[in-house]
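A short write-up of the structure that comes next.
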Amino acid sequence: MKAICLPSLNCYSCPGAVGSCPIGSLQAMAAGLAYHFSFYVFGLLMVFGVTLGRLSCGWLCPFGFLQDLLYRLPTPKFSLPNWCTKIKYVLLSGVLLIPLIPTSTGIGVLYFCQWLCPAGTLEAAIPLYFSFPPIRTAIGALFGWRILWLLAILLFVSLIYRGFCRTLCPLGAFYSFFNRYCFFRIHLYPNKCNQCGRCSAACPMELPVTAEPNHPECIRCLKCTNSCPTGAIQFKYAGHTTKEGINFEA
């Protein structure tokens, strides 16, 4: 099963993993001795994106679920400046390009997996440290950095809702390109909307729901649809129409 990529961050090295992470797989293939681009992995990502968009972030990602739990802690809460959401696109570019840079060993650097992925540290590095004694002899400065980085991310997401998803996740950045065009998305029926603003107030991602119901940052948590008193906002298959007429898409 580990030869199959899952649609979310799921570290291949995790002792309990049943599938591999698409970001890690892309980097591993690109950084190999042959410097291959993995059409298989990229094709799977396209299928996930076209079908679900960022629903994978909201409902299928284990690290996203952990962020939801940590945000419930009684810590101060902060809003996120809009420019911070652009950082993940820079990281996505690095995921695709940096492993292709030749090194003295002939193998590229999996920079995101090695230095920046908190899910890999939590799911793989820490469990392997305690369950596989021989690996402890190889522990060095990189492991220390990853623990500190993980702690910083866990604190960050307890203060800002889905802080990692919104600022640093390259997989979320990739899926965001499909949010407006995927098969299953948010539909707004203008003739039902009374402009009460409850949907935007309920959105934990702080999005203008009625202005852009399929915003690139929308993770399909469906809090907007549940809060709408008139049923003007619904999550449905893209080709669905009703007696009220053609769906309005922002």
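So in this note's numbering, the last one in the sequence shown is 264, and the numbering has no gaps at all.
Quick reminder that beta carbons are idealized off the backbone N, C-alpha and C, glycines included.
Everything numeric in this text was worked out from a predicted model, so none of it was measured.
Tell me whether C217 sits in a helix, a strand or coil according to DSSP, three-state version.
Within the sequence shown, numbered from 1, the residue matching residue 217 stands at position 203. Three-state DSSP puts C217 in coil, outside helix and strand.
Just to confirm my understanding: we take F51, look at its own chain, exclude 5 residues before and 5 after, and list those with CB closer than 6 Å. What are they?
The residue you call residue 51 lines up with position 37 of the sequence shown. Here the set comprises nothing.
Bridge partners for Y189 per DSSP, in chain order?
Here residue 189 refers to the residue found at position 175 when the sequence shown is read from its first residue. Within the DSSP secondary-structure output, Y189 pairs in no beta bridge.
For Y175, does the three-state DSSP call read helix, strand or coil?
In the sequence shown, the residue the question calls residue 175 occupies position 161. In the structure shown, Y175 sits in coil (DSSP, three-state: anything other than H, G, I, E or B).
Exposed or buried, what is F92 when buried is set at 16 or more other beta-carbons lying within 10 Å of its beta-carbon?
Position 78 of the sequence shown, counted from the first residue, corresponds to residue 92. With fewer than 16 Cβ atoms within 10 Å of its Cβ, F92 is classed as exposed.
Which residue comes first and which comes last in the beta strand (DSSP E) that contains I200?
For the purposes of this step, residue 200 is taken as the residue at position 186 of the sequence shown. Its beta strand (DSSP E) spans residues 198-202.
Might you give, ordered along the chain, the residues of its own chain that have their beta carbon closer than 6 Å to the beta carbon of F77, omitting 5 neighbours on each side?
Position 63 of the sequence shown, counted from the start, is the residue given in the question as residue 77. If we look at F77 and ignore the five residues flanking it on each side, its Cβ neighbours are L23, A133.
Taking the alpha-carbon positions, what's the R68 to L173 distance?
Indexing the sequence shown from 1 puts residue 68 at position 54. Indexing the sequence shown from 1 puts residue 173 at position 159. R68 and L173: Cα-Cα distance of roughly 22 Å.
Among residues of its own chain, excluding the 5 on either side of K257, which ones have a beta-carbon nearer than 6 Å to its beta-carbon?
In the sequence shown, counting from the first residue as 1, residue 257 sits at position 243. Residue placement at K257 is flagged as unreliable, the pLDDT there being 42, under the threshold of 50; the coordinate-derived value follows with that caveat. Here the set comprises nothing.
Taking the alpha-carbon of F188 as reference, which of L165, L58, Y26 has the nearest alpha-carbon?
As a first step, residue 188 must be located in the sequence shown, where it is residue number 174. For the residues L165, L58, Y26, the minimum Cα distance to F188 belongs to L58.
Roughly how many whole angstroms lie between the Cα atoms of H201 and I18?
Reading the sequence shown from its first residue, position 187 is the one you call residue 201. Reading the sequence shown from its first residue, position 4 is the one you call residue 18. Cα to Cα, H201 sits roughly 32 Å from I18.
Please determine if the segment 190-208 and the segment 159-170 are in contact, where contact requires at least 3 C-beta pairs separated by less than 8 Å.
By the Cβ rule, the segment 190-208 does not count as touching the segment 159-170, because fewer than three pairs are nearer than 8 Å.
Residue of M15, N205, C232, C217 minimising C-alpha distance to C238
Mapped onto the sequence shown, residue 238 falls at position 224. When each option's Cα is compared against that of C238, the closest is C217.
In whole angstroms, what separates the C-alpha of G259 from that of H229?
Start at 1 with the first residue of the sequence shown, and residue 259 comes out as number 245. Start at 1 with the first residue of the sequence shown, and residue 229 comes out as number 215. A caution first: G259 carries a pLDDT of 39, below 50, which makes its placement in the model too unreliable to give a value.
Bridge partners - S34, DSSP secondary structure assignment
Your numbering for residue 34 matches position 20 in the sequence shown. Its beta-bridge partners are C19.
Inter-residue Cα distance where the pair is P21 and F249:
Numbered from 1 along the sequence shown, position 7 holds the residue referred to as residue 21. Numbered from 1 along the sequence shown, position 235 holds the residue referred to as residue 249. Rounded to the nearest whole angstrom, the C-alpha separation of P21 and F249 is 20 Å.
DSSP three-state call for I247: helix, strand or coil?
In the sequence shown, the residue the question calls residue 247 occupies position 233. I247 falls in the strand class under three-state DSSP.
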